[in-house]
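Written below as structure tokens is the structure these notes are about.
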């Protein structure tokens, strides 16, 4: 059996701030407030996911274009100007020699402090 709170309210709706009446532990005054609160709080997660997917897509488009042109390397300054974000990769692989191999989907490459090199398809 649910406990009913008296007419004296002690809590407010998390979304609109209206006083809450009814069962103990209630957090929202109606379905609209509940949905709106949850959607707003999940917006940051959605925006982060969208930003990550956009960066990965942009990186892949740049690498794919380089591969189609037959290029296997480029300096990082030029890549950055083209919109390449070296923090966004789909895989950080094994160390090959002195450098680590990174992948952006099926494009693999190595990075130094100033250059992307050894670009190839996996």
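Numbering (our numbering), first residue to last: 4 to 125. Glycine is no exception: its CB is placed at the ideal position from the N, C-alpha and C atoms. From a predicted model like this one, the values you see are computed outputs, not experimental measurements.
Determine the direct distance from the alpha carbon of residue j to that of residue i, and round the result to whole angstroms.
| i | j | result |
| --- | --- | --- |
| residue 26 | residue 14 | 11 Å |
| residue 112 | residue 39 | 44 Å |
| residue 107 | residue 67 | 10 Å |
| residue 83 | residue 110 | 17 Å |
| residue 9 | residue 93 | Low confidence applies here, because residue 9 scores a pLDDT of 47, under 50, leaving its location unreliable and the question unanswered by this model. |
| residue 87 | residue 62 | 5 Å |
| residue 42 | residue 77 | 42 Å |
| residue 18 | residue 47 | 17 Å |
| residue 99 | residue 55 | 27 Å |
| residue 29 | residue 52 | 31 Å |
| residue 103 | residue 90 | 14 Å |
Exposed or buried, what is residue i when buried is set at 16 or more other beta-carbons lying within 10 Å of its beta-carbon?
| i | result |
| --- | --- |
| residue 125 | exposed |
| residue 31 | buried |
| residue 117 | exposed |
| residue 7 | In this predicted model, residue 7 has a pLDDT of only 48, less than 50, meaning its place in the structure is not dependable; the value taken from the coordinates is given anyway. Its Cβ having fewer than 16 others within 10 Å, residue 7 is exposed. |
| residue 65 | buried |
| residue 50 | exposed |
What residue range does the alpha helix (DSSP H) around residue i cover?
| i | result |
| --- | --- |
| residue 113 | Premise fails: residue 113 lies in the beta strand (DSSP E), 110-114, not in any alpha helix (DSSP H). |
| residue 37 | 34-71 |
For the beta strand (DSSP E) that contains residue i, what are its first and last residues?
| i | result |
| --- | --- |
| residue 106 | 102-107 |
| residue 14 | Where residue 14 is concerned, there is no enclosing beta strand (DSSP E), given that its DSSP letter is neither H nor E. |
Bridge partners for residue i per DSSP, in chain order?
| i | result |
| --- | --- |
| residue 120 | 113 |
| residue 77 | 119 |
For residue i, tell me which candidate among the options has the shortest Cα-Cα distance.
| i | options | result |
| --- | --- | --- |
| residue 97 | 85, 88, 114 | 114 |
| residue 71 | 122, 18, 45, 37 | 122 |
| residue 58 | 85, 95, 103 | 85 |
| residue 101 | 79, 120, 90 | 120 |
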